[in-house]
Amino acid sequence: MYPGKNLKISLLHYRTAAGKEVNVPISSLPARLPTFHASAQGPWCAVISYDACVRLCLHSWAKGCAEDAPYFLRDECASLRNSFGLQQVLLQSEEELMSKRSPELISEGAAAAPKSKRTFGKMRVQVRKVKMGLDPPVGCSFSSLNPSTIKLEPLRRQLSILNSTLHTGWSAVRKVRVTPQIPPNGSISQQSLAYVRASTQYIKQVSRLLRHGVTTLRNSPSPDGVVQETYTCMLRLKSSSEEDSVRVQPGSGETHMFFPDNHNDDLIIEVRDSKGQHCGRVLAQVAAIADDPCDKLRWWPIYQEPEHELTGRIQLYINYSTTPDESNHPKCGCVAETVAYDFVLEVAMKVQHFRPRNLLLHGPWKWLVTEFATYYGVSDTYTKLRYLSYIMDVATPTKDCLDLVYDLLEPVIMKGNRKNVLSHQENRILGEVEDQIQEILVLVFENYKSLDEKAPSGMMDIFGAATGLAAPALAPTVKLYALLHDVLSSEAQLKFCRYFQAAAKKRSRRHMAETDEFISSNEGTLMDPLMLSTSYQKMKHLILSMRNEIWTDIQIHNQHVLPSFIDLPNVCASIYSVDLSSRLRTFLVACPPPGPSPPVAELVIATADFQKDLASWNISLVKGGVDAKELFHSYITLWIQDKRLTLLELCKLDKVKCSGVKTQHSTNPFVDEMYERLKDTLNEYEVIISRWPEYIVILEKAIADVEKAIIESLDKQYADFLSPLKDSLAPKIFGLKYVQKFAKRTGELYIVPDELGVLLNSMKRMLDVLRPKIENQMKSWSSYTPDGVDTVTGECLSEITVSLRSKFRSYLQAILEKLIENTKMQSATKLKIIIQDSKETMAESDLRNRMQPLKDLVIKTINHLHSVVEPHVFIAICRGFWDRMGQEILRFLQNRGENNSWYKGSRIAVSILDDIFASEMQQLLGNSLQEKDLEPPRSIMEARSVLCKDAVNHSDNNYYY
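Heads up, the final residue of the sequence shown is numbered 985 in my numbering, and it's a clean run with no missing numbers.
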């Protein structure tokens, strides 16, 4: 048993008992005592260690140490001899021999008999073969041969010749006598013997021929063009690092020696192909090799992790041998300084009764251990790690123990890269110690409310209510965790938080155990008034207990014992709140409240207060946590759902009025009617929202669903009028289909229908008038939200706003595409051709005459739009049309580079477009126009800049979208 085994068993036993909620008091657990190994080293190690201590004391005494050294030198070092157990090993004076009785000598001699010598093993390893792929089926002797690469024709011809020759011989024998006769004396005739001999020779010839053919085929080189895969193996022991791996080529005959620490060690082999890719892994246990030393050559499976999939086999030759540890020889051999130090340290611990609450050495023995390490050159790191390994054997979750662990471990960890600074032995001890420390860290964190410094085990014997004080052991445990982990990494922080989540789950289960009897009954079972009152009182007590747990976490958090990255109240409150909500829900199903009786009312009040306290303590809301309104007022959500379904039903196409009817705003009456109903719904739920603002989110979602249905219904009503815009709505992909679309132009001008104008007017009214009223009323309800409670509202409505605005913009863009296509139907109205055909010498009047057809088309379009859409939509379309025409001019200028021969025509075209749009809009809308509505759009301003050689970057004036 190695150091730390006792601690691991005790911790697992306690954690298992706690995990199963078994009421086992901590004091009943087996006491953990230190395990010393000095006796296992044998008398020779004891003699060497004793001699080293004597020489050390003599050296110190000679230098003037008059306090500690004489303590060990008096009475001919009797204290050391007795402590090291050398009474019967060293020679004794006659006086000492006579002072002891013979039975005692016999008993002590038997007790001092050396134990069995420890052995160490070494392995010589060769990698013979690597075969990837699964094994062939049993009985298929030729399965390893590739039929595509084997030429069997020569073998078949030889077998055919042999068969023909033997057949001729047998025929001759049969002609002499077909049926051989057996004489009475039992002898066989010569003909029969010849037949038997021929059969035997045939079988031998065939067998020899088959063996020769198969051997030749197996040993034949691979065909041209087929390259055999080569593999490389990386060998190392599990106890060593990956940097110590040995590279071996299978079949090379290389032999490597490995020295495992013990039988629990493993030989790990990584198999890689010629490209360096990982093919699999082999795990050869040293224990399996040592138990069967005769098994020299064997196949080991190769597995691909983490799926643990068998991918092939590897043939290893392993020669394992053991030799006695010469250091244990009773009369000879060297003893390492560290081994002697371990012996002295264990002896000192035995003498001073090293126990869980007595971990420190003191007095002369402390001096001896310290001076021994200094005098014989045992490193300070090794002394700390070895002492720490013994402490971890008996460690308890108490402050004094964990402080001592930190003081010993901190100088070792702070040395930096331990692989380069520490020895192999120190690294091994540190690895074992870290595993044990990790276990006690988990024990402390997962039971941070059950620690008790006064208890022998450091844990409370009986589960009790949480107190508001942090356990003294918590602070040093946090320091240890920070020492062993990079607390700045998200992984370490997440792992730290999970410990406390596990602790909260444990305490939550213990609290809820008192109410298990009420949820085990059948669903909806009727209860008598007394049992109903009792059950509801216990549920109320459960809520108060959970509240106390969270309040305790807040108090511990305020003591600043834990790192700043963990918010203990929020981390644990999420567990308590979710578990409590689940238990309340299950309880209400099993024991439904018959009415607002006093016990039920108290439970409702306690639940509401719990929720209110979480909000006042700034505990974040968690999904599935306690929600008093959702638990006890679920009918409210049903009302909202019913209202939502009713409004959605009204949005169906068969319920909508005829689309040809218009309101005074030239909009669809269906839209105004539905938003009137939505406004009535908000007014209806005003009282509920003022009391329970949590329902704002649910109601907002319902309204958003209805608005989506209104928009979808509009699309369905006007689907016939939107279909001509389908090509313009889809993204442009300049390919064959796009070219074919232009080739198939009918030559008919697109005219915006009145119905499409009604759709655009309705959408614009929704954006500018109807929806803002709904949003303003929803925002006004924020005043009902108590201080400290963050109720997220408006997200769903914002999504609808974005979606509706995007759809409205896409419809406008599609209409503008159609209007631009109208100008390109004829050469006389193509702006690009008009400018391209112009020359610097052409008179301005001629240019204006060439622009007249385009001018007439644009004016006609603007007048029609004014009769179809309301002013705001009209302005948006006109300015978009104006901007698109300007883009045509700007694109033309940019494609011509520095060629300014078309500048005159471009200037005149820009001037004419500005006059058309500004004058027509002014004439049709009059004073309702704003000054910004008449400003030239961005493309026109950029075109002017190009024409004037001005690189001014104008702001975006596309506000009409």
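Positions of the beta carbon are idealized from the N, C-alpha and C atoms, including for glycine.
Tell me where the alpha helix (DSSP H) around Trp-391 begins and ends.
387-399
Buried or exposed by the 16-neighbour rule on C-beta atoms within 10 Å, applied to Arg-531
buried
Give the straight-line distance between the Cα atoms of Pro-500 and Asp-510, rounded to the nearest whole angstrom.
16 angstroms
Once DSSP output is grouped into helix, strand and coil, what is the label at Met-483?
strand
What residue from Gln-301, Cys-257 and Pro-274 has the CA that sits closest to Leu-291's CA?
Cys-257
C-alpha gap between Ser-658 and Arg-609, whole angstroms
12 angstroms
Going by DSSP in three states, Leu-332 sits in which element: helix, strand or coil?
A small correction: the amino acid at residue 332 is His; Leu does not occupy that position in the sequence shown. Here His-332 sits in coil by DSSP.
Report yes if the CB atom of Leu-261 is closer than 7 angstroms to the CB atom of Phe-282, and no otherwise.
yes
For the ligand HEM, is there any heavy atom lying closer than 6 angstroms to the beta carbon of Lys-740?
Summarising the ligand content, the structure contains no ligands, and the ligand HEM is consequently not present.
What do you reckon, are the CB atoms on Val-970 and Leu-889 nearer than 7 angstroms?
no
Just the C-alpha distance for Glu-515 and Cys-521, rounded to the nearest angstrom, thanks.
10 angstroms
How many angstroms separate the CA atom of Ser-806 from the CA atom of Pro-421?
50 angstroms
Can we say the region 454-468 touches the region 535-543, given the rule of at least three CB pairs closer than 8 angstroms?
no
Below 8 angstroms on the Cβ atoms is my guess for Glu-799 versus Leu-821; work out the distance and round it to an integer in Å.
6 angstroms
Would DSSP call Gln-583 helix, strand or coil?
coil
Can you tell me where the beta strand (DSSP E) holding Thr-256 begins and where it ends?
255-261
Using only the alpha-carbon positions, how far apart do Leu-507 and Val-375 sit?
32 angstroms
Euclidean distance between Cα positions of Ser-557 and Cys-596
30 angstroms
Within a Cβ cutoff of 7 angstroms, which residues of the same chain sit near Ile-72, ignoring the five residues on either side of it in sequence?
Val-359 and Ala-364
Are the C-beta atoms of Ser-605 and some chain D residue less than 7 angstroms apart?
No chain D appears in this structure, which consists of one protein chain only.
Where does Leu-158 land, buried or exposed, given buried means 16+ other C-beta within 10 angstroms?
exposed
Where does Pro-325 fall in DSSP's three states?
strand
Looking only at its chain, what residues have a beta carbon closer than 8 angstroms to the beta carbon of Tyr-400, apart from the 5 residues adjacent to it on each side?
Ala-76, Leu-80, Glu-361, Ala-364 and Tyr-365
Is the region 637-644 close to the region 578-598, with three or more CB pairs under 8 angstroms?
yes
Decide if Ser-601 is buried, meaning its Cβ has at least 16 other Cβ atoms within 10 Å, or exposed.
buried
Mark Gln-947 as exposed unless 16 or more other C-beta atoms lie within 10 angstroms of its C-beta, in which case mark it buried.
exposed
Select from Glu-731, Trp-68 and Gly-649 the residue whose C-alpha is nearest the C-alpha of Asp-603.
Gly-649
Measure the alpha-carbon distance for Gln-801 versus Ser-943 and round it to whole angstroms.
41 angstroms
Residue nearest to Lys-725 in terms of C-alpha spacing, selected from Lys-956, Gly-492, Asp-485 and Leu-706:
Leu-706
Under 8 angstroms, with one C-beta from each stretch per pair, do the region 562-578 and the region 483-496 reach the 3-pair mark?
yes
Excluding five sequence neighbours on each side, which residues of the same chain lie with their C-beta closer than 8 angstroms to the C-beta of Arg-908?
Leu-840, Leu-843, Ile-844 and Ser-963
When burial is assigned at 16 or more other CB atoms within 10 Å of the CB, is Glu-955 buried or exposed?
exposed
With DSSP as the reference, label Glu-845 as helix, strand or coil.
helix
Do three or more CB pairs link the region 784-797 to the region 684-702 at distances below 8 angstroms?
yes
Around the Cβ of Phe-96, are there at least 16 other Cβ atoms within 10 angstroms (buried) or fewer (exposed)?
buried
Can you tell me the Cα-Cα spacing of Arg-968 and Ile-936, whole angstroms?
13 angstroms
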